[in-house]
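Chemist:
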Amino acid sequence: MKRIYLEMSVYYHRLRRYVNDHRVVDRPKFETFRQRFYDQLWREVAGRMGAKIEDFGYGFSKISRGAQYTFVLQSKVMLDDHLSLRLAGNKPLVHRILSERNYPIQDYREYTLHSLAKAYDFMQKIGGACVVKPAAATGAGNGITTKIRNLQQLRKASLWAATFSTRLLIEKEMAGSSYRLLYLGGKFLDAVRRDSPVVTGDGKHS
C-alpha cells in the first residue's frame, strides 16, 4: 500500500509540474529564441574560421571549409557521442569517475523514495543544508531543491526530484560559484562561471 501511495504521489506531482510549469506555455517562444541565438553564434564562428555555413534543415547547420565539413544542432556538435552524454548526465557515475582519478568530490548518498531513511540519516550526519536532485537523466537544474534542513523539506524535495528520475541524490550544499570547464583532446580551452541570479528592485516592477 505504501508503494502504491508513493507512486501515486509522484504521478500527481508530475502532472502538477506539467500544468503549473510556465515553460510548457512559453516553450515555443523559448525555442524560437534559442534557435535564433545559436544560428547567430554559428554564423559568427564560421565567419571567424573563413568557413561556409548553410541551413541543412530541421535545425541542423552544415559548416564547411574546403573539403572538410561538420554538422551542428544548437549546442550539439559531432564530437558529442551519445554514450558520453548519457554518462555525463549520470551524477553517481560522474562522482565515481572523478573519485577514481583522485579528484575531490563532496559526500553524497543515492536513494529512492522507498529508501528515504537513508537520505535522512545522511542529512543528520551532515548537520547542515543539503541539496536533493535527480541522480540521472536531467540537466539545467531540473528537479533540484536546495536548502533542505528537515524531514518535511526532504520529503517534498524528493517527490519533486522523483518526477524526473526514480533514482535520487542528496549532497551537502556547497556555497559559491559554479564553473564549467571546456577541454578538447586533454587541452584546457575555456571556462565559464555561472553566478546566481541577482535582481535589482522588487523583482516585479523593475
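Plus 315 on top of the position in the sequence shown (first one is 1) and you've got this note's numbering.
All C-beta atoms in this analysis are idealised placements derived from N, C-alpha and C, irrespective of residue type, glycine included.
Rounded to the nearest angstrom, what separates Ile412 and Gln467 at their Cα positions?
Modeler: If I take the Cα positions, the gap works out to 33 angstroms.
Chemist: Look up Ala388 in the DSSP assignment and give the residues it is bridged to.
Modeler: A quick correction: the sequence has Leu, not Ala, at residue 388. DSSP output for Leu388 lists Phe375, Lys391 as bridge partner(s).
Chemist: Look up Ile420 in the DSSP assignment and say whether it is helix, strand or coil.
Modeler: DSSP places Ile420 in coil when its eight states are reduced to three.
Chemist: Got a sec, what are the start and stop residues for the beta strand (DSSP E) Ser430 sits in?
Modeler: No beta strand (DSSP E) contains Ser430, which DSSP labels as neither H nor E.
Chemist: Between Gly362 and Leu388, what straight-line distance do the alpha-carbon atoms span, to the nearest angstrom?
Modeler: Going by the C-alpha atoms only, they are around 17 angstroms apart.
Chemist: Is the beta carbon of Phe479 closer than 9 angstroms to that of Asn457?
Modeler: Yes; because the gap between Cβ atoms is below 9 angstroms, this pair is in contact.
Chemist: Would you call the region 366 to 373 and the region 397 to 404 touching, i.e. three or more CB-CB distances under 8 angstroms?
Modeler: Touching, no.
Chemist: What is the C-beta distance between Lys471 and Ala444, in whole angstroms, given that I count them as a contact (C-beta under 8 angstroms)?
Modeler: That belief does not hold up - the Cβ atoms of Lys471 and Ala444 are roughly 15 angstroms apart, past 8 angstroms.
Chemist: Out of curiosity, what's the CA-to-CA distance linking Ser390 and Asp517?
Modeler: One C-alpha to the other measures close to 33 angstroms.
Chemist: Please determine, among Glu346, Arg380, Lys344, Gly372, the residue with the shortest C-alpha to C-alpha distance to Val360.
Modeler: Nearest of Glu346, Arg380, Lys344, Gly372 to Val360, Cα basis: Arg380.
Chemist: Is Ile485 buried or exposed, if buried means 16 or more other CB atoms sit within 10 Å of its CB?
Modeler: The residue in question, Ile485, is buried, as its Cβ has 16 or more Cβ neighbours within 10 Å.
Chemist: Determine which residues share a DSSP beta bridge with Glu359 and list them.
Modeler: DSSP, once it has assigned bridges, lists no residue as partnering Glu359.
Chemist: Need the endpoints of the alpha helix (DSSP H) that Ser571 sits in, please.
Modeler: This structure leaves residue 571 out entirely; the chain is present only between 316 and 521.
Chemist: Taking a contact to mean a Cβ-Cβ separation below 9 angstroms, would you say Tyr435 touches Leu469 in this structure?
Modeler: For Tyr435 and Leu469, yes; Cβs fall inside 9 angstroms.
Chemist: DSSP on Val283, reduced to helix/strand/coil?
Modeler: One cannot answer for residue 283 here, as it falls past the ends of the chain, which runs 316 to 521.
Chemist: Determine the DSSP secondary structure at Glu415, reduced to helix, strand or coil.
Modeler: Note: Glu415 maps to helix in three-state DSSP.
Chemist: Which term fits Lys440, buried or exposed, when burial requires 16 or more other beta carbons within 10 angstroms of its beta carbon?
Modeler: Flag for Lys440 reads exposed.
Chemist: Helix, strand or coil, according to DSSP, for Glu369 in the structure here?
Modeler: In the structure shown, Glu369 sits in a strand (DSSP, three-state: E or B).
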